[in-house]
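Engineer: The structure under discussion is supplied below as structure tokens; questions concerning it will follow.
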Amino acid sequence: MTATNYELSHLSHIEAESIHIFREVAAEFERPCLLFSGGKDSIVMLRLAEKAFHPARMPFPVMHIDTGHNFPEVLEFRDRHLAEVGARLVVASVQKSIDDGRVVEERGPRASRNRLQTTTLLDAIEEHRFDALFGGARRDEEKARAKERVYSFRDEFGQWDPKSQRPEIWSLYNGRIRQGEHIRVFPISNWTELDIWQYIRREGIGIPDVYFAHERRVFERDGMWLAECPYVDLLDGEEVTTRRVRYRTVGDMSCTGAVDSAASTIDQVIEEVSATRITERGATRADDRVSEAAMEDRKKEGYF
Amino acid sequence: MELLRFATAGSVDDGKSTLIGRLLYDTKSIFQDQLEAIERTSLQMGNEYTNLALLTDGLRAEREQGITIDVAYRYFATPKRKFIIADTPGHIQYTRNMVTGASTADLALVLIDARNGVVEQSRRHAFLASLLRIPHLVVCVNKMDLVDFDQDAYEGVKAEFRDFAMKLDVADLTFIPVSALRGDNIVERSLNTPWYEGTSLLHHLEEVHIASDRNLIDARFPVQYVIRPQSDDHHDYRGYAGTVAGGVFKPGDEVMVLPSGFTTTIASIDTFDGPVDEAFPPMSVTIRLTDDLDVSRGDMICRPHNQPTAGQDIEAMVCWMSESTSLAPRMKLAVKHTTRSARVMVTDLQYRIDVNTLHRDDSATSLGLNEIGRVSLRCTHPLFFDEYRRNRTTGSIVLVDEVTNATVAAGMILGGVR
């Protein structure tokens, strides 16, 4: 921070704006909650929440929507990291939603629990009576997300209506809701993938090992390297090989692709991200490939 | 590396999307898969060329109708700066979206077609930029290739625009002759305009001085959240968290807390990364005071000899944003100002302003969607405010419908009651 000419670096600038949003929500809502996947964006979110309320603990719990198809490394990281931070964890399980008959598991080799998460998430919001949920979505990730407000209103069905969003002017956020409605809050809306990595480096925050290059047994599907795992059946002609890969995003093992990479340090990852010509979701997410508007459609139903 | 936010307004015809596409493309901020996706969609939609507008028109409805409905945010960086573009639709029916995009911008880009000169839309965009007090206005005289890079054509547009801008409050006005389609004067200075002595658009965006746009004189700290750890380590800790809205705060400074009017000194300015020697906008910090005062959210920390206006009667320019209702005298609304919430009643609508001609209509009795006018408001509690022209944070309000909870207006404070 260069204090002499009253200039802030761009990272300190967006950090300050994000902290402002965390505090605003904590002040105006009864029961906020921070959605945490164990991915890089939610790890940054957690750090920002820590900073916003320091030296007090963050005044809300952290919730993980557990699909049961996680990378084991990420679950292990989740528990260790949250214990260090001292955050209270709520787990909402997609498996339980299936067992309770709330949703039906998709079948076939391309089955995914991605879409099922929405029901689990909305049920958990209702059960815990959360009125504000912090999410780590960024506008640079995806074109529907580029249109998202920082405070995104959801009706009593959890639906997003992109056509009638509240105007958001200056940093005066309108958090007024009725019983049963909620707000999804996106404090890192204006961060880019590169900002996230530069911030992780600046802050020296730990992240799961899957983000760094490692040997993994993978097979090619739809131009991506999917990990061999108990949740995906191979199709005819698909062959498992061992490659040196890393993950740019972390979702379910069943729908997150790895990229070939030799980047084993943060610096190397930043170098790789700076040079890449493919967006992170384009390179790695089967869930976005369903249709041109796959994300918008899922978001309207109440997805993250 | 500094952050610069800029807003663009315009329709496809002005070449706005082409200009943004060009900036993103030439700074390597468009990714291959994005480009392939919009090439595919352009082909499907029967466009003859790759429609760069599809990069920002992300919603199904926008793609179907081929129009920009909502503000889209785009990001790019050069080694010098990180940029956030608020890309807003240009037509009059989207004035509220333009106001939204302009509210946080450091710079506004207005595009003028060199063949058509200053048209109604260019005047409206310039007026909104000045109303929202965007400190820097850049006029790109576009499609210079279609007027054979003629200096006279450029100078003509420039003179015409300057003439109009005299009526506005524009602090910093810059003109650049460009061809967004061919890339002239966008990233590099063009050989086609040897008579032009300024810099390229990107160079201007990288170099324009924005650090002094903030108010570093009037110390303002709206208390956002009180931090009181319930732990043994920090038993007596009581900190006031917030974002500095103006001026510079330092430990040891004598400060006053409003509305109580008590004075005390700053004991320390804390952050997660340790105490700091000074705090200035837009830093988010936690201030501890030497004396144990009753301070809560919505209070304002300032200096005893430099206080904001405290009052319940406010004059403001408002932009009405609701489709379903109109603003009219006697109307009651919720108001949000810095970290303070209250209720207001509209006591008077003084005039409505024609956003194209700047003509004031004193006989107006209401403001409909996208209309702008000067109102008098009576507030249930005192607000601690500055004129918007002095401070965009302590001078701005939003109005909210108490029944529908919709955000219905943005307001810029002109002052207290005369």
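For the record, the sequence lines run as chains Y and A. If you use our numbering, the first sequence corresponds to residues 993 to 1296, in order. If you use our numbering, the second sequence corresponds to residues 123 to 540, in order. Just so you know, even glycine gets a beta-carbon here, dropped at the ideal spot from N, CA and C. All values reported here derive from a predicted model rather than from experimental measurement.
(1) Grab the span of the alpha helix (DSSP H) containing residue 309 (chain A) for me, first residue to last.
(2) Are the stretch 1125 to 1135 of chain Y and the stretch 1177 to 1185 of chain Y in contact at 8 Å, needing three or more beta carbon pairs?
(3) If I measure Cβ to Cβ from residue 428 (chain A) and keep anything under 6 Å in the same chain, skipping five residues before and after, which residues do I get?
(4) At what residues does the alpha helix (DSSP H) containing residue 1075 (chain Y) begin and finish?
(5) Which same chain residues end up closer than 6 Å to residue 533 (chain A) when comparing Cβ atoms and leaving out the 5 residues on each side of it in sequence?
(6) Would the beta-carbon of residue 527 (chain A) fall within 7 Å of that of residue 1137 (chain Y)?
(7) Count Cβ pairs between the stretch 1024 to 1039 of chain Y and the stretch 1261 to 1279 of chain Y that sit closer than 8 Å; are there 3 or more?
(8) If you follow the alpha helix (DSSP H) that residue 1114 (chain Y) is in, where does it begin and where does it stop?
(9) With 16 as the cutoff for other CB atoms within 10 Å, does residue 167 (chain A) come out buried or exposed?
(10) Alpha carbon to alpha carbon, how far is residue 1004 (chain Y) from residue 993 (chain Y)? Give it in angstroms, no decimals.
(11) According to DSSP, is residue 1287 (chain Y) helix, strand or coil?
(12) Starting from residue 1169 (chain Y), find everything on chain A with Cβ-Cβ shorter than 8 Å and list it in chain order.
(13) If the cut-off is 8 Å on Cβ atoms, which residues from the stretch 1032 to 1066 of chain Y count as contacting chain A, listed in chain order?
(14) Is the stretch 242 to 253 of chain A close to the stretch 351 to 361 of chain A, with three or more CB pairs under 8 Å?
(15) My output table needs one value for residue 372 (chain A): the three-state DSSP class, helix, strand or coil.
(16) Would you verify that the beta carbon of residue 253 (chain A) is, or is not, closer than 7 Å to some beta carbon of chain Y?
(17) When the cut-off is 7 Å and only beta carbons count, does residue 247 (chain A) lie next to chain Y?
(18) Give the interface partners of residue 154 (chain A) over in chain Y, defined as CB-CB distance under 7 Å, in chain order.
(19) Counting only Cβ pairs nearer than 7 Å, list the residues of chain Y close to residue 359 (chain A).
(20) Hey, which unbroken runs of the beta strand (DSSP E) at 3 residues or more fall wholly within the stretch 1164 to 1225 of chain Y?
(21) Taking buried to mean at least 16 other C-beta atoms within 10 Å of its own C-beta, is residue 246 (chain A) buried or exposed?
(22) Within a Cβ cutoff of 8 Å, which residues of the same chain sit near residue 1151 (chain Y), ignoring the five residues on either side of it in sequence?
(23) Between residue 1237 (chain Y) and residue 1193 (chain Y), which are expected to be in contact by the criterion C-beta below 8 Å, what is the C-beta distance as a whole number of angstroms?
(24) When burial is assigned at 16 or more other CB atoms within 10 Å of the CB, is residue 1149 (chain Y) buried or exposed?
(25) Tell me the rounded alpha-carbon separation between residue 443 (chain A) and residue 151 (chain A).
(26) Ignoring anything shorter than 3 residues, give me the beta strand (DSSP E) runs that lie fully in the stretch 148 to 227 of chain A, in order along the chain.
(27) For residue 346 (chain A), which residues in chain Y fall below 8 Å Cβ to Cβ?
(28) If the cut is a Cβ gap below 7 Å, which residues of chain A does residue 1139 (chain Y) touch?
(29) Please determine, among A:321, A:125, A:502 and A:215, the residue with the shortest C-alpha to C-alpha distance to residue 494 (chain A).
(30) Rounded to the nearest angstrom, how far is the Cβ of residue 367 (chain A) from that of residue 349 (chain A), given a contact under 8 Å?
(31) Is there a Cβ of chain Y sitting closer than 7 Å to that of residue 405 (chain A), yes or no?
(32) Can you tell me where the alpha helix (DSSP H) with residue 297 (chain A) in it begins and where it stops?
(33) Would residue 1158 (chain Y) pass as an interface residue toward chain A - the criterion being a Cβ-Cβ separation below 7 Å?
(34) What residues are listed by DSSP as bridge partners for residue 529 (chain A)?
Structural biologist: Based on what the coordinates show:
(1) Run containing residue 309 (chain A): none; DSSP gives neither H nor E here.
(2) Yes, the stretch 1125 to 1135 of chain Y is in contact with the stretch 1177 to 1185 of chain Y.
(3) Around residue 428 (chain A): 340.
(4) Residues 1064 to 1077.
(5) Taking residue 533 (chain A) as the centre and dropping the five residues before and after it, the same chain places the C-beta of 438, 440 and 519 closer than 6 Å to its C-beta, in chain order.
(6) Contact check for residue 527 (chain A) against residue 1137 (chain Y) fails: the beta carbons are separated by 7 Å or more.
(7) Not touching, per the Cβ criterion.
(8) Its alpha helix (DSSP H) spans residues 1109 to 1120.
(9) With fewer than 16 Cβ atoms within 10 Å of its Cβ, residue 167 (chain A) is classed as exposed.
(10) Bear in mind that the predicted position of residue 993 (chain Y) carries a pLDDT of just 45, short of 50, making it unreliable; the figure below should be weighed with that in mind. Near 7 Å, if we compare the C-alpha coordinates of residue 1004 (chain Y) and residue 993 (chain Y).
(11) Residue 1287 (chain Y): helix per DSSP, three-state reduction.
(12) Those are 527, listed as they occur along chain A.
(13) Of all residues in the stretch 1032 to 1066 of chain Y, 1042, 1043, 1044, 1045, 1046, 1047, 1048 and 1049 have a Cβ within less than 8 Å of some Cβ in chain A.
(14) Result no; under three Cβ-Cβ pairs closer than 8 Å.
(15) Taken through DSSP and simplified to helix, strand or coil, residue 372 (chain A) comes out as coil.
(16) Not closer than 7 Å to any Cβ of chain Y, the Cβ of residue 253 (chain A) fails to qualify, so no.
(17) Residue 247 (chain A) is outside the set of residues whose beta carbon lies under 7 Å from a beta carbon in chain Y.
(18) Chain-ordered, the chain Y residues with CB closer than 7 Å to the CB of residue 154 (chain A) read 1269 and 1270.
(19) Ordered by position in chain Y, the residues that pass the 7 Å Cβ test against residue 359 (chain A) are 1047.
(20) The qualifying runs are 1174 to 1177, 1206 to 1213 and 1216 to 1219.
(21) Label assigned to residue 246 (chain A): buried.
(22) Excluding five sequence positions before and after residue 1151 (chain Y), the CB atoms of its chain that fall closer than 8 Å to its own CB belong to 1292, 1293 and 1294, given in chain order.
(23) No, residue 1237 (chain Y) and residue 1193 (chain Y) are not in contact; Cβ-Cβ is about 21 Å, not under 8 Å.
(24) With a 10 Å radius around the Cβ and a threshold of 16 neighbouring Cβ atoms, residue 1149 (chain Y) comes out exposed.
(25) When rounded, the distance between both Cα atoms is 33 Å.
(26) Within the stretch 148 to 227 of chain A, the complete beta strand (DSSP E) segments of 3 residues or longer fall at 194 to 199 and 203 to 211, listed in chain order.
(27) Chain Y residues near residue 346 (chain A): 1012, 1015, 1016 and 1019.
(28) What residue 1139 (chain Y) touches in chain A: 180, 181, 192 and 194.
(29) That would be A:215, whose Cα lies nearest to the Cα of residue 494 (chain A).
(30) Actually they are not in contact, since the Cβ atoms of residue 367 (chain A) and residue 349 (chain A) sit about 18 Å apart, beyond 8 Å.
(31) Using a Cβ-Cβ cut-off of 7 Å, residue 405 (chain A) counts as an interface residue toward chain Y, since at least one Cβ of chain Y sits closer than that to its own.
(32) Residue 297 (chain A) -> not in any alpha helix (DSSP H); beta strand (DSSP E) instead, spanning 294 to 299.
(33) Cβ-Cβ to chain A under 7 Å: yes for residue 1158 (chain Y).
(34) DSSP lists A:522 as the bridge partner or partners of residue 529 (chain A).
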